Amino acid sequence: MNKIVDKEYFSENVVKFEVEAPLIAKSRKAGHFVIVRVGEKGERIPLTIAASDLNKGTITIVIQAVGASSKKICELNVDDYITDIVGPLGQATHIENYGTVICAGGGVGIAPMLPIIEAMKRAGNKVISVLAARTKDLVILEKQVAEYSDEVIVMTDDGSYGHKGLITNGVEMVINREKVDLCVTIGPAIMMKFVSLLTQKYNIPTMASLNTIMVDGTGMCGACRVSVGGKTKFVCVDGPEFNAHEVDFDEMLMRLRAYS
Ligand code: FES
């Protein structure tokens with residue numbers, strides 16, 4: 001049982017929780033995720049660790065209420081307990097000094113991008129963060145992202161904040177302006193697909209953090225499988241990050257619709 005010590009609404013359906021999990025807080029690295037479950041029969045939901053506090057022994061997770069289980073988690077309050085949190089899972093992000101890195105995060109994908117932005121900056125990169133959301137209210141963590149970014153470009157679909165346009169417009173604006181050595185993208189699968197197609201056109205190495213359906217998170221059930229470079233990979237143990245140019249996003253999008 002993991003106690004919730006802080007809760008904040010980023011928008012009506014997006015909630016940030018700070019949860020007691022001292023062992024995970026100690027060992028997690030950028031890119032790692034956890035699997036969260038509420039109730040004995042609750043679905044197991046994979047969530048990336050957005051931040052951790054070693055002194056308090058807590059981790060920060062951000063969750064969007066989309067289905068029955070995620071809604072149930074979002075309804076929890078401070079001092080309530082999450083039934084269990086398993087992690088840290090997955091492979092940590094490969095961090096080095098690449099040069100100029102675009103971090104393109106869309107919607108709730110901005111939360112898992114935050115530790116990567118921080119780690120990339122600490123490694124000496126020039127970090128340009130491109131954040132995208134449908135509307136102003138859905139742009140999350142902008143202040144925290146700005147702390148570790150050389151520049152933050154905000155894109156909204158309706159133009160209610162920052163530039164009007166899609167994330168790809170923001171990324172292309174940077175590519176047309178300066179040399180980019182790496183792009184990291186996290187967000188809805190369809191968004192990552194189009195960021196990947198764009199950077200492929202410009203020959204810019206790109207990493208995508210995939211958000212497939214997961215069950216066990218340890219490579220046993222196969223629920224998270226994706227095709228990368230023509231080979232089957234498990235997002236939970238081989239990922240969550242892969243060379244975006246090798247990911248079969250169309251197959252992934254089809255598998256993501258399995259529940260509906
Ligand atoms: Fe079961 Fe990855 S979640 S194999």
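When we follow full-length UniProt numbering, the leftmost residue of the sequence shown carries the number 1, and every step to the right adds one.
Positions of the beta carbon are idealized from the N, C-alpha and C atoms, including for glycine.
Given the structure is predicted, the values throughout are model-derived calculations rather than measurements.
Contact check, residue i vs residue j under 8 Å by CB: the rounded distance?
i                 : j                 : result
valine 86         : valine 14         : Incorrect: roughly 22 Å between the Cβ atoms, too far for contact.
aspartate 6       : glutamate 20      : Contact doesn't hold; Cβ gap of about 10 Å is too wide.
alanine 25        : proline 112       : The pair is not a contact, with the Cβ atoms about 16 Å apart (cut-off 8 Å).
valine 171        : arginine 44       : The pair is not a contact, with the Cβ atoms about 32 Å apart (cut-off 8 Å).
glutamate 151     : threonine 100     : Not confirmed; about 10 Å, so no contact.
glycine 219       : phenylalanine 234 : 5 Å
phenylalanine 249 : lysine 193        : 4 Å
alanine 133       : glutamate 96      : Not quite, the Cβ-Cβ distance comes to about 29 Å (not below 8 Å), so this is no contact.
lysine 56         : alanine 65        : That belief does not hold up - the Cβ atoms of lysine 56 and alanine 65 are roughly 25 Å apart, past 8 Å.
tyrosine 98       : leucine 182       : 4 Å
valine 180        : isoleucine 204    : 5 Å
Does the distance from the C-beta atom of residue i to that of residue j stay below 8 Å?
i              : j                : result
glycine 107    : proline 188      : yes
valine 237     : methionine 207   : no
glutamate 119  : alanine 30       : Looking at the sequence provided, one finds alanine at residue 119 rather than glutamate. In this structure, alanine 30 lies closer than 8 Å to alanine 119 by Cβ.
serine 27      : proline 88       : yes
isoleucine 140 : phenylalanine 10 : yes
glycine 109    : phenylalanine 33 : no
valine 195     : isoleucine 167   : yes
valine 254     : leucine 210      : First, the residue type needs correcting, since residue 254 is methionine and not valine in the sequence shown. Contact: no.
threonine 232  : cysteine 224     : no
leucine 47     : valine 36        : yes
isoleucine 82  : asparagine 176   : no
lysine 126     : threonine 60     : no
isoleucine 117 : serine 149       : yes
valine 130     : methionine 155   : yes
aspartate 53   : isoleucine 4     : no
serine 160     : lysine 136       : yes
glycine 222    : glutamate 246    : no
Going by DSSP, name the residue or residues bridged to residue i.
i             : result
tyrosine 98   : Per DSSP, none; premise fails for tyrosine 98.
proline 46    : Ile35
threonine 156 : Ala133 and Lys164
lysine 231    : Val228
serine 209    : Glu241
asparagine 2  : Ile82
glutamine 200 : Partner(s): none; glutamine 200 has no beta bridge.
serine 52     : Ile59
glutamine 64  : Val14
cysteine 103  : Ser129 and Val184
leucine 89    : Phe33
glutamate 172 : None; glutamate 172 has no bridge partner.
glutamate 147 : Partner(s): none; glutamate 147 has no beta bridge.
valine 195    : Beta-bridge pairing links valine 195 to no other residue.
valine 19     : Ile4 and Ile59
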